[in-house]
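Residue numbers (our numbering): 15 to 238.
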């Protein structure tokens, strides 16, 4: 339903010139980690190793570690709200925080730093788009009933999905009535589904793809 492409940010030069003033870098997804480490890694790998890296999610943390960089902070929960509650703001109070992200990232964490008078700079490294061919493939799959479960792993996937199906009144009505099983990877994605009045049948306690698959299996087992 979605794909990402690297883009050039307007403030890249300013960020690069001010790297010594940053004490933290925040990576909220594996995507943001991958684009960030690729962007900095070639010429600024030593800087990356010297700065404190904060992440959301075990998979993001593991990816950063696998690339050879230490993780200084990772909240217990995979949610931005928990990140905001648990982050050690006192360690960033007199310097800057760098927040690389995609073009659709929510401003929640950015606002949390600003509310505490900590300068947090966005760096937009990639954009999320809907693949051109996805519309026809999706509608054909619904028509042929090639699946019985719809899974969502991000709010942007939900938005792109709704853009495709909302013009098909019968299909969208079926979805609203709960005639298709919908699984969400976690609260943020569920919130987006709820915004469009789409029912969520499954949401795992741990917000990973593996946990979602297990939750789907458990849900289907109950139906037997």
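The C-beta atom is built at its ideal place from N, Cα and C for all residues, glycine as well. For clarity, every value in this text was computed on a predicted model and none was experimentally measured.
Under the three-state reduction of DSSP, residue 40 is assigned to strand. Judged by their CB atoms, residue 50 and residue 116 are not nearer to each other than the 8 Å cut-off. Collapsing the DSSP output to three states places residue 207 in a helix.
Closest option to residue 167, judged by alpha-carbon separation, among 222, 148, 138, 210: 222. Under a 10 Å Cβ-count criterion, residue 209 is classified as exposed, with fewer than 16 other Cβ atoms of the shown protein chains found around its own Cβ. Rounded to the nearest whole angstrom, the C-alpha separation of residue 131 and residue 106 is 10 Å.
In the DSSP assignment, residue 175 falls within the alpha helix (DSSP H) that extends over 169 to 179. Following the DSSP letters along the chain, one finds residue 77 inside the alpha helix (DSSP H) bounded by residues 72 to 80. Contact between residue 217 and residue 192 is ruled out by a C-beta separation of about 15 Å, above the 8 Å threshold. Just measuring C-alpha positions, the residue of 110, 72, 85, 58 sitting nearest residue 36 is 110.
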